[in-house]
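**Student:** Following our numbering, the numbering of the sequence shown begins with 1 at its first residue and continues without gaps.
By construction, the Cβ of each residue, glycine as well, lies at the ideal position given by its N, Cα and C atoms.
Input: one structure, supplied below.
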Amino acid sequence: MLRIDPRSATPPFDQLRVQVIAHIRSGAMVAGTRLPTVRRLAADLVLAPNTVARAYKELEAGGFIETRGRAGSFVKAAPDSVEQQALGAAKTYVERLRELGVSPADTVAYVTTFLQN
Numbered sequence: 001m002l003r004i005d006p007r008s009a010t011p012p013f014d015q016l017r018v019q020v021i022a023h024i025r026s027g028a029m030v031a032g033t034r035l036p037t038v039r040r041l042a043a044d045l046v047l048a049p050n051t052v053a054r055a056y057k058e059l060e061a062g063g064f065i066e067t068r069g070r071a072g073s074f075v076k077a078a079p080d081s082v083e084q085q086a087l088g089a090a091k092t093y094v095e096r097l098r099e100l101g102v103s104p105a106d107t108v109a110y111v112t113t114f115l116q117n
């Protein structure tokens with residue numbers, strides 16, 4: 001069962017993401033398990049739909065779930081390889097910087113600076 005602690009310093013989307021990953025790794029959610037719709041889970045947990053959507057998006061980028069259009073979101077057969085997880089993390093990072101209006105050149109510069117420190 002998924003629960004959100006409103007008193008936690010961890011944002012709700014991240015609490016949800018971490019719990020789903022834990023359920024997958026423990027076997028409580030097996031491959032092919034259909035996740036609740038964004039609206040249903042948001043209503044059940046008293047969260048904004050965008051909060052659940054963000055958690056699902058990050059879970060998909062991390063290789064834990066897949067979205068099949070209108071059919072819904074499902075647990076993947078196995079977490080992706082380290083390379084695929086790294087690509088998912090990079091995709092999430094780049095998408096966020098695009099949202100902030102950061103140029104591709106500056107994005108590369110930020111990564112380079114981080115790696116050098």
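Can you name, in chain order, every residue of its own chain whose Cβ lies under 6 angstroms from the Cβ of PRO52, other than the five neighbours on each side?
**Tutor:** Numbered from 1 along the sequence shown, position 52 holds the residue referred to as residue 52. Rather than Pro, the amino acid found at residue 52 in this sequence is Val. VAL38, LEU41, ALA42.
**Student:** For ILE4, I'd like the list of residues in its chain whose CB is within less than 6 angstroms of its CB, leaving aside the five on either flank, ordered along the chain.
**Tutor:** Indexing the sequence shown from 1 puts residue 4 at position 4. The answer, listed in chain order, is PRO12, GLN15, LEU45.
**Student:** Indicate the three-state DSSP secondary structure (helix, strand or coil) for VAL18 in the structure shown.
**Tutor:** The residue labelled residue 18 in the question sits at position 18 within the sequence shown. Looking at VAL18 - three-state DSSP - the assignment turns out to be helix.
**Student:** Beta-carbon within less than 6 angstroms of ALA31's beta-carbon, same chain only, minus the 5 sequence neighbours each way: which residues are those?
**Tutor:** Reading the sequence shown from its first residue, position 31 is the one you call residue 31. Contacts found: VAL75, ALA77.
**Student:** Give me the DSSP bridge partner(s) of THR67.
**Tutor:** Stepping through the sequence shown from its first residue, residue 67 is reached at position 67. Partner(s): SER73.
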